[in-house]
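Trainee:
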Amino acid sequence: MSVLILCHFALALFAAPLVRRWGTRAFLVLALPPAAAAVWALTRWSTTAAGGTDTTEWRWLPAYHVDWALRLDALAELMVLLAAGVGTLVLVYCASYFDDRSRQLGRFAGNLLAFAGAMLGLVLADDLVLLYIFWELTTVFSYLLIGQTSDHKRNRRSALQALTVTALGGLTMLVGFLLLGHEAGTYRISAILADPPPPSAALSAAGVLILVGALSKSAIWPFSLWLPNAMAAPTPVSAYLHAAAMVKAGVYLVARLAPAFAEITPWRPLLLVLGSLTMLLGGWRALRMNDLKLVLAYGTVSQLGFLTVLAGAGGHDTGLAATAMILGHALFKAPLFLVTGIVDHATGTRDLRKLSGLGRRLPAVCAVAVLAGASMAAVPPLLGFAAKEAAFQTLLDGSTGDRWALAAAVAGSALTTAYTLRYLWGAFARKPGVPDTGAHPVPAAFLAPPAVLALACLVLGPGVPWLQDLLGAYAAQFPAPDHPYHLALWHGAGLALGLSAAAWAGGVLLFLASGPVLRVGHALALRSADRVFGGMLLALERTALQCTGLVQRGSLPAYLVTTMSVVLAGQIAVLVVDEPWTGTPAPRLWDHPTQAGVALLTCAVALLCLGVRRRMKAVVLAGLTGYGTALLFVAQGAPDLALTQFCVETVSMIVYVLVLRRMPVYFEENFSRWRRLMRMPVALAGGAAVAVVLWIMAGHRRAESAGAAMVEETAHHGLKDVVATILVDLRAWDTMGESAVLAAAAVGVTSLIYLHRRTDAAEQPVLPLPGDHPHAALRTGDEPGTAPRTAWQASRYESAGLPSGDEGAPERTWLAASATLAPERRSLVLEVVARLIFHPVLVLSVYLLLCAENLPGGGFVAGLTAGVAFIARYLAGGRHELADAVRFKAGLFTGLGLFLSTATALGGLGEGTVLHGWTWHGHLPVWGDAHLSTAVLFDCGVYLLVLGVVLDIVRALGARIDRQIERAAPRPEEGRA
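Residues 1003 to 1979 in this note's numbering are what the sequence shown spells out, letter by letter.
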């Protein structure tokens, strides 16, 4: 089972190249994984029909009792056959529906196949958390498929609406899953069904939260608005996701949990009421639609309400009818969507007011549509009739609530008959006053997928007893009545058949009275749910803007004061109420007099910052406070922390200096004395509160320190540096999260500067600054007839760096691109120093990376050190020097770092858990005895990531601002003029 799921995702990765190579024929190759899943499911039919199961289990997160657990039982068998079988036919259909010129076809094919894999995982999952993961994957892929034509506003809006509704429902459902797992003591679905937790308020809350997710996924009122709008997606998506797969996920979840939740308040009444209401509202709305896809869309909403009623009733016979109806609905609704795509493809329209006479032009297509439509209207001897009869009879034999739901089901069936006739008449009938619609012939391969599904409705109608064992195996999870219902095409002339006849008659009357029905529908129509949703989003946006305008005044000091005041208020309240200092040992002022001296100097420098008016002085003084903190680490005996602090302060000061080039020299904000007096107590109280809290936390430690255990664990592995071992081994999860946050922050910061793209390759040529050499600006390759050049390719005359008429400029260049700078902007000393220290600093960074097991160092410090080396090249030679020193994009280093760290973490799965450490010991020819551990590989990823972040920030805040300054500078000709 795991292999089948993974095959879907693996082949989806190659969908784009396959489509580029083979065109639409690639869909036939992509249909192989779902076809294999369908064949495998068929081979397990006898096992599941007999009540057996196939399971796959792998311990994933044992500490949280979360496993990769898959289970194939009768209900999963049915859903796998639907998801895989219909998915196979839809992919085959796509080979004829699209052509090789369709835009972004490779991405569409990959998303569709990946969705099929996610749907397969969803119905096989036997763990609540795993089910949620696949659940949200279907949401994401649905969003991508609906928004396939992203250049159309309607597609983007529909995709976003579907994502918003279903994702919010999924998050709500996740909370319900966590509550359910807590109450049951396990997240294993089969264990919960075998031994349901006792009824409680928490269990009822969990059930309601889970239903929110299920109902939003299956478009049950009040969440039904997203499904009709999702018809903006290509027709194959509508046929698969919105008829046979995704919208069935909510009904599947209700059916899966019904044996345990059916008797829990308010499971049954909530589902019966909302399902019945959805069935009536969807069917009534379908009668007013003129787009064939929208007729089917609202009909789907109606049918999903019916399925929810049957699945939520929670009985043996209703469970049997629900599974039969799930199968029947997929087999008649999917071919109708596919036929709609054929009609649209052949005529160029889906408007039933413009279609006329297609029944004679496309008789085979019409026959398939009539066959599927007759099954939807529950006409014998088709499968839809047998399923509908089972539903009517089981609801008739149920409780009072079931009989009320039966009344709604009969009315909904009448509406179903009416909109079925409207669909068939609108698509294929000849209409008075409307000219016959032209249509090109439909190839047999194009019609084959819907024909197969429609013929299945015809075959399984008389053959519905064949399904009894499989569907009965699911129904057996409920208490069986004295005389259980059995599936059959004919049960005799009874009340259920009379109700079906009444539904047919009512549907025919509604269709014949379409004119008055339309007028009544428009008169009774309330404001559409789509407009209500749009109004809610607009109101939310306006509220957010008003709140933002109220609190976001553009004053950073005001934000800081507000934040600190709130935090202080909370801390002071806790300190006053709890008095946690009772019993806390008195703090020591220092451990060594050196600490006192460094602390006093650091505080003095911090106080000097308050009276500084120049920005540069403030930056330098703030940096000195950081260096003072590093000295405190040195005095305390923490070289790793001191080294990290020194590197961070150095890089931070350089970044500040780069930013200050575009800012005024002096602070422009003038504060009155009373405002300054108001803010000083807040600042002093903030520092004092942090100190007091740290003192109390350290003094209230009751458990033994974990330091001794970590030192012992580090020594056990033959290592000495405890800090580095904690970062890359013992607490590597934290490091992974911090690395991801660091990368995201760097991308966010640089994206604010690189508004359009992050590459420098296509920039406009930069004008030389006054005093620059006439050939100083390197060509970018944009000039006609020129190719890109680097500083290493400059001519001897260009490399001399001599401005016109200046004999006193440096006569040689120590850096490759220093010739691009004007003489007055060059520093020979800085160039020599940068050249001399560049390679030693890089070697030092590698040393710090590799020695971290036993000496101070690590990937983070090493990455910062390497970044300092490149910063030195930039400061001495400018942006061209930086571009010459780093030939690759900074994002490549960041991406490689994340990839290496993540791959190392996932490599631990070979031993059972993520981030499981291992060490290789061996002998190298020249090196001698050597060992390599996953911690070193993980640290290498951190090294590359930090280096990429530093380079990205320097390029954004350094090279990019340099370019802006150069463009703003006057041209030499303008200066002479």
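Virtual Cβ for every residue (Gly too), placed ideally from N, Cα, C. Just so we're clear, the structure is a prediction, and the values are computed from it rather than from any experiment.
On the DSSP bridge list, what partners appear for Ala1932?
Mentor: According to DSSP, Ala1932 bridges with Gly1924.
Trainee: Quick check on Glu1059: does DSSP put it in helix, strand or coil?
Mentor: Note: Glu1059 maps to strand in three-state DSSP.
Trainee: Taking the alpha carbon of His1882 as the reference point, which residue from Leu1213, Leu1823, Leu1634, Leu1006 has its own alpha carbon closest?
Mentor: Closest option to His1882, Cα to Cα, is Leu1823.
Trainee: How would you call Ser1202, buried or exposed, if buried means at least 16 neighbouring beta carbons within 10 angstroms?
Mentor: With fewer than 16 Cβ atoms within 10 Å of its Cβ, Ser1202 is classed as exposed.
Trainee: Buried or exposed for Ala1245, please, with buried defined as at least 16 other CB atoms from any protein chain shown within 10 angstroms of its CB.
Mentor: By the neighbour-count rule (16 or more Cβ atoms within 10 Å), Ala1245 is buried.
Trainee: Could you give the residue range of the alpha helix (DSSP H) that holds Ala1071?
Mentor: Note, Ala1071: premise wrong, no alpha helix (DSSP H); beta strand (DSSP E) at 1068–1074.
Trainee: Could you give the C-beta distance for Gly1301 and Gly1277, rounded to a whole number, given that I count them as a contact under 8 Å?
Mentor: About 15 Å separates the two Cβ atoms, so there is no contact after all.
Trainee: On the DSSP letters alone, give me the boundaries of the alpha helix (DSSP H) that Arg1027 sits inside.
Mentor: Looking at the DSSP string, Arg1027 is not in any alpha helix (DSSP H), and its letter there is neither H nor E.
Trainee: Which first and last residues belong to the alpha helix (DSSP H) in which Gln1479 is found?
Mentor: Note, Gln1479: premise wrong, no alpha helix (DSSP H); not H, not E.
Trainee: Between the beta-carbon of Phe1635 and the beta-carbon of Leu1626, is there less than 9 Å?
Mentor: No, Cβ-Cβ distance for Phe1635 and Leu1626 is not below 9 Å.
Trainee: I think Thr1237 touches Asp1346, with their Cβ atoms under 8 Å apart; what is that distance to the nearest whole Å?
Mentor: Right, the Cβ-Cβ distance comes to about 7 Å (below 8 Å), so this counts as a contact.
Trainee: So, with DSSP's three-state summary, where would you put Asp1808?
Mentor: Legend: pLDDT at Asp1808 = 40, less than 50; position of this residue unreliable, no value from coordinates given.
Trainee: Under 8 Å, with one C-beta from each stretch per pair, do the stretch 1140–1152 and the stretch 1165–1178 reach the 3-pair mark?
Mentor: Verdict: yes, contact present.
Trainee: How about the stretch 1443–1457 and the stretch 1283–1297: do they share at least three Cβ pairs that are nearer than 8 Å?
Mentor: No: the two stretches stay apart, fewer than three of their Cβ pairs being nearer than 8 Å.
Trainee: So within the stretch 1111–1164, which uninterrupted alpha helix (DSSP H) runs reach at least 4 residues, ignoring any that extend past its ends?
Mentor: Entirely contained in the stretch 1111–1164, the alpha helix (DSSP H) runs reaching 4 residues are, in chain order, 1130–1148.
Trainee: Report back the beta-carbon spacing between Thr1140 and Ala1164 to the nearest angstrom; my notes put them in contact at under 8 Å.
Mentor: So it is not a contact: roughly 11 Å between Cβ atoms.
Trainee: Could you name each continuous alpha helix (DSSP H) segment of 4 residues or more that falls completely within the stretch 1851–1923, going from the start of the chain to the end?
Mentor: As far as the stretch 1851–1923 is concerned, its whole alpha helix (DSSP H) runs of at least 4 residues are 1861–1887, 1892–1909.
Trainee: In three-state DSSP terms, what is Arg1190?
Mentor: The answer is strand: DSSP assigns Arg1190 an E or B state.
Trainee: For Pro2041, collect the residues of the same chain with a Cβ closer than 7 Å to its Cβ; drop the 5 residues on either side in sequence, then sort them by chain order.
Mentor: The structure shown does not extend to residue 2041, since the chain spans only 1003 to 1979, so no value can be given for it.
Trainee: Rounded to whole angstroms, how far is the Cβ of Ala1726 from the Cβ of Ala1854, which I believe are closer than 8 Å?
Mentor: Confirmed, about 4 Å.
Trainee: With a CB to CB cut of under 7 Å and the five nearest residues on each side skipped, what residues in its chain are close to Leu1866?
Mentor: Once the five neighbours on either side are set aside, the close Cβ partners of Leu1866 are Cys1649, Val1650, Val1653, Val1948, Val1952.
Trainee: Could you tell me which of Ala1232, His1184, Leu1115, Pro1559 sits nearest to Leu1162, measuring between CA atoms?
Mentor: Among Ala1232, His1184, Leu1115, Pro1559, the Cα nearest to that of Leu1162 belongs to Ala1232.
Trainee: Identify the residues that DSSP records as bridge partners of Tyr1668: which are they?
Mentor: In DSSP, Tyr1668 forms a bridge with Arg1616.
Trainee: Measure the CB-CB distance between Arg1109 and Ala1017 and report whether it falls below 9 Å.
Mentor: Cβ distance < 9 Å, so Arg1109 and Ala1017 count as in contact.
Trainee: When we look at the beta-carbon of Leu1987 and count the other beta-carbons within 10 Å, is it buried (16 or more) or exposed?
Mentor: Lying outside 1003 to 1979, the shown extent of the chain, residue 1987 is not represented and no answer is given.
Trainee: Consult DSSP for Asp1593 and reduce its assignment to one of helix, strand or coil.
Mentor: Reduced to three states, the DSSP call for Asp1593 is coil.
Trainee: Taking Cβ positions, are Ala1371 and His1442 nearer each other than 9 Å?
Mentor: In this structure, His1442 does not lie closer than 9 Å to Ala1371 by Cβ.
Trainee: For Pro1518 and Leu1282, what's the separation of their Cα atoms in angstroms?
Mentor: Cα-Cα distance, rounded: 18 Å.
Trainee: Name the residue from Arg1156, Leu1633, Ser1192, Leu1259 whose alpha carbon lies nearest to the alpha carbon of Ser1206.
Mentor: It is Leu1259.
Trainee: In whole angstroms, what separates the C-alpha of Leu1633 from that of Phe1872?
Mentor: Roughly 25 Å separates the two Cα atoms.
Trainee: Thinking Leu1946 and Phe1862 are a contact (beta carbons under 8 Å), I'd like their distance in whole angstroms, please.
Mentor: Between Phe1862 and Leu1946 the Cβ distance is about 11 Å, and since that is not below 8 Å, they are no contact.
Trainee: In chain order, which alpha helix (DSSP H) runs of at least 4 residues are fully inside the stretch 1414–1472?
Mentor: If we require 4 residues or more, the alpha helix (DSSP H) runs fully inside the stretch 1414–1472 come out as 1446–1462.
Trainee: Helix, strand or coil: how does DSSP classify Asp1399 here?
Mentor: In the structure shown, Asp1399 sits in coil (DSSP, three-state: anything other than H, G, I, E or B).
Trainee: Indicate the three-state DSSP secondary structure (helix, strand or coil) for Asp1580 in the structure shown.
Mentor: Note: Asp1580 maps to helix in three-state DSSP.
Trainee: Sorted by chain position, which residues of the same chain lie with C-beta nearer than 7 Å to Asp1353's C-beta, five sequence neighbours on each side aside?
Mentor: These residues qualify, in order along the chain: Asn1292, Asp1293.
Trainee: With Gly1314 as the anchor, note down where its alpha helix (DSSP H) starts and where it stops.
Mentor: Counting along the chain, the alpha helix (DSSP H) containing Gly1314 begins and ends at 1294–1315.
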